[in-house]
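Quick notes on the structure that follows.
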Amino acid sequence: MKNKIITRRDFLRGSVATTLAVTMGLSLEIKAEAEVKKKTKVVLIRDADIIDRKGHINPKVIQRMLDKAVTALVGKEDPVKAWKYLVKPHDIVGIKSNVWGPLPTPTEVESTLKRRSIDAGVPEGNIGIDDRGVLKNRIFLNSTALINVRPFRTHHWSGVGGCIKNYIMFASWPPLYHPDSCSDLGAVWKLPIVKDKTRLNVLVMLNPLFHGIGVHHFDSTYTWSYKGILVGTDPVALDAVGLKIFELKRRAYFGEDIPLKPSAKHIAIADIKHKLGTSDLKEIELLKLGWMEEVLI
Amino acid sequence: MAESTEYEMLTLLPNEIHGWKAHGKAKIYDRETIYDYMDGAGEIYLTYGYKGLIVKRYAKASGPEIIVEIFDMGSPEDAFGIFSHGQGRETKSAEIGQDSEYKGGLLCFWKNKFFICIRGERETPQVKKAVLALGRLISKAIEAKGEKPELLKYLPEDELLEKDLRYFHKHEILNYHYFVADKNILHLDEYSKAVLALYKDDKSYLLLVQYQNIELANAALESFMKVYMPDAGQKGVIQTENRKWTAATLHQNFLIIVFDALDKAEASSKIEVVRKRLR
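Sequence order for the protein chains is A and B. First residue of the first sequence? That's 210 in our numbering, and the numbers climb one at a time after it. First residue of the second sequence? That's 16 in our numbering, and the numbers climb one at a time after it.
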């Protein structure tokens with residue numbers, strides 16, 4: 210049974226979840242254990258004023274949003290105290306960003322994360338921001354703490370590009386993780402350069418791309434001003450919540466359920482196979498803050 | 016990439032267009048280095064006969080940058096194939112090259128063995144004008160046209176949705192457009208040629224695959240029947256869980272499969288049209 214092939218007909222039967230579990234060699238005991246574990250906290254914060262009429266991001270609002278989200282996540286009232294919980298003065302902090310041309314990580318978000326790391330006592334010289342150069346970057350090579358930040362978007366090869374996928378640049382040969390729609394991206398997080406170092410994940414959903422066609426993929430028709438940010442310590446949970454928001458947005462936009470091409474199966478596989486985090490929404494405590502208009506979820 | 020092809024591609028690029036000037040050296044990527052330019056997207060090109068890519072940037076003081084990408088796909092069939100993989104962004108052709116689409120600052124077209132993408136970092140009316148003009152110039156510089164894949168000739172034309180037509184070789188691309196199975200149960204590889212067509216009348220899909228020989232086609236059908244429709248027995252046709260019909264058959268080294276036909280007769284009829292054309 211371990212080599213069971215999943216076909217379209219398994220989806221039509223609605224039996225694919227069971228099939229996937231069996232394929233991964235999971236036993237029912239494992240699932241039972243999962244049911245009693247503590248819920249993973251994810252914070253969604255939105256602010257109607259984050260983007261001005263000219264499309265510029267307001268840095269003060271970004272700061273306020275991230276402060277509120279991080280304090281809610283950590284459970285401390287003061288933002289600096291919350292950040293001191295996440296990073297220590299002796300840490301070497303790599304802020305793993307994303308430079309994808311049409312939808313990069315906003316510099317305002319990067320700057321805020323850097324500012325708060327400094328406020329928590331980390332010397333500025335021990336903080337780096339990078340994406341494609343992480344394997345040649347002294348800070349990242351010596352890092353003791355990582356902050357993972359990127360915009361959420363659909364992706365032509367992995368379904369979506371989110372927190373899990375953002376670490377692909379830590380792989381010395383990224384194509385190794387490309388087969389089967391990048392299903393094993395979760396394995397990247399076991400590489401020594403990143404393993405157990407991530408203190409915070411920030412999934413930017415200010416103007417996410419919820420649909421795309423073709424290799425170039427980006428089309429501003431399919432972005433919308435959601436004006437939100439997801440924050441948490443579990444990259445799988447953040448991606449799972451983001452994926453649900455996309456599902457709801459796509460249903461609202463297209464008037465029907467149009468599946469992602471390809472499916473973002475790497476999220477469930479990061480949970481079930483690689484034990485990186487939680488993809489089951491029932492096991493995620495979603496804390497919603499701020500502007501609630503058309504929040505979808 | 017061969018030096019002569021590299022030279023040929025460089026000569027397609029003008030120095031200036033509507034005030035945008037070529038700047039910096041053109042960057043060249045082959046099958047090994049394509050990931051340096053586009054990471055995951057490189058996989059798509061590699062499933063086709065991609066040989067190389069030249070990237071050239073154009074700048075203007077008062078406007079966003081324009082980036083030109085010229086892909087040598089090795090053959091006109093594969094240039095059409097990679098274009099078909101991404102088509103459907105726009106219903107109307109931009110009438111550049113042998114087929115084209117322009118939307119949101121991005122122009123894609125194919126001509127002969129080349130697939131070309133030209134994009135402005137931000138779309139403005141001036142950028143659109145320059146992108147389209149660049150496309151026309153490059154298209155004109157590619158003198159000869161290429162033939163589309165012969166497989167397309169065997170498809171029933173009635174109700175076929177042109178913008179949903181896909182030509183490819185490997186199962187990753189099939190699954191992208193129509194998920195069949197997580198494993199390569201149709202034994203598709205770089206030597207197989209496949210076309211997937213969607214029909215407007217019943218939203219059914221027709222998959223036609225040409226294998227290198229009859230033995231390979233036989234093995235693919237056997238594998239498909241065993242995994243996808245074991246309950247069909249020898250009939251080669253089955254009503255699936257969505258109450259639609261899937262039918263599969265062979266004609267020499269061609270495998271013909273219809274997915275999601277509204278009824279059994281429609282599935283058989285589409286297959287019969289293909290078989291007749293293959294004879």
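All residues carry an ideal CB built from backbone N, CA and C; glycine is no exception.
Take Gly57/B, set aside five residues on each side of it, and the residues of its chain with a beta-carbon closer than 7 Å to its own are Ile49, Tyr50, in chain order. Scanning chain B for C-beta atoms nearer than 7 Å to the C-beta of Arg222/A yields Glu256, reported in chain order. Proximity of Val424/A to chain B, defined by a Cβ-Cβ separation below 8 Å, is satisfied. Look at Pro388/A here: in three-state DSSP terms it is helix. Within chain B, the residues placing a beta-carbon under 7 Å from that of Asp389/A are Asp197, ordered along the chain.
Rounded to whole angstroms, the Cβ separation of Val369/A and Phe455/A is 7 Å, and the two are in contact under 8 Å. The DSSP-derived three-state label of Tyr226/B is coil. By the rule that beta-carbons nearer than 8 Å mark a contact, Lys470/A touches chain B.
Think of a sphere of 9 Å around the beta carbon of Ile254/A: no beta carbon from chain B falls inside it, the nearest being about 28 Å out.
Neighbourhood of Lys144/B in chain A, by CB distance below 7 Å: empty, with the nearest CB roughly 18 Å away. The three-state secondary structure of Val83/B, taken from DSSP, is strand. Taking 4 residues as the minimum length, the alpha helix (DSSP H) runs contained wholly in the segment 306-380 of chain A are 316-328, 347-350, in order along the chain. Taking CB atoms only, Asp54/B has a neighbour in chain A less than 8 Å away. Neighbours of Gly284/A in chain B, taken as residues whose beta carbon is under 9 Å from its own, are absent, since the nearest beta carbon is some 37 Å off. For Thr48/B, there is no enclosing alpha helix (DSSP H), as DSSP marks it with neither H nor E. Residues of chain B with a Cβ closer than 8 Å to the Cβ of Ile481/A do not exist, since the nearest Cβ in that chain sits about 14 Å away.
Here Ser381/A has Leu344 as same chain residues with Cβ atoms under 8 Å from its own Cβ, once five neighbours each way along the sequence are excluded. The beta-carbon of Ser429/A is placed less than 8 Å from the nearest beta-carbon of chain B.
Ile266/A has its alpha-carbon roughly 28 Å from the corresponding atom of Ile301/A. Taking all protein chains shown into account, Ser99/B has 16 or more neighbouring C-beta atoms within 10 Å of its C-beta and is therefore buried.
Interface flag for His265/A against chain B is unset, since no Cβ pair is found closer than 8 Å. By the Cβ-count criterion, Gln267/B is exposed, with fewer than 16 other Cβ atoms from all chains shown falling within 10 Å of its own Cβ.
DSSP places Met274/A in the helix class (H, G or I) of the three-state scheme. Pairing Gly284/A with Lys250/A, the inter-Cα distance amounts to about 11 Å. In this model, Tyr65/B and Tyr169/B are separated by some 25 Å (Cα to Cα). Within chain A, the residues whose beta carbon sits less than 7 Å from that of Leu121/B are His425, listed in sequence order.
At least 8 Å separates the CB of Pro313/A from every CB of chain B. Using beta-carbon distances, Ile131/B does not count as an interface residue toward chain A, since no partner is under 8 Å.
Within the same chain, Cβ atoms closer than 7 Å to the Cβ of Phe427/A are found at Pro311, Leu312, Leu418, Gly421, the five residues on either side in sequence being excluded. For the 8 Å CB-CB criterion, Lys436/A and Ile259/A form a contact. Going by beta carbons, Leu265/B and Asn233/B fall inside the 8 Å limit. Scanning chain A for C-beta atoms nearer than 7 Å to the C-beta of Tyr243/B yields Thr216, Arg218, reported in chain order.
Going by beta carbons, Val252/B and Ser283/B fall inside the 8 Å limit. Under the DSSP assignment, Ala212/B falls in the beta strand (DSSP E) whose first and last residues are 208-213. Residue burial annotation: Ile467/A is exposed, with fewer than 16 other C-beta atoms found within 10 angstroms of its C-beta. Every alpha helix (DSSP H) stretch that sits fully inside the segment 440-496 of chain A and reaches 4 residues is listed by chain position as 444-463, 474-481.
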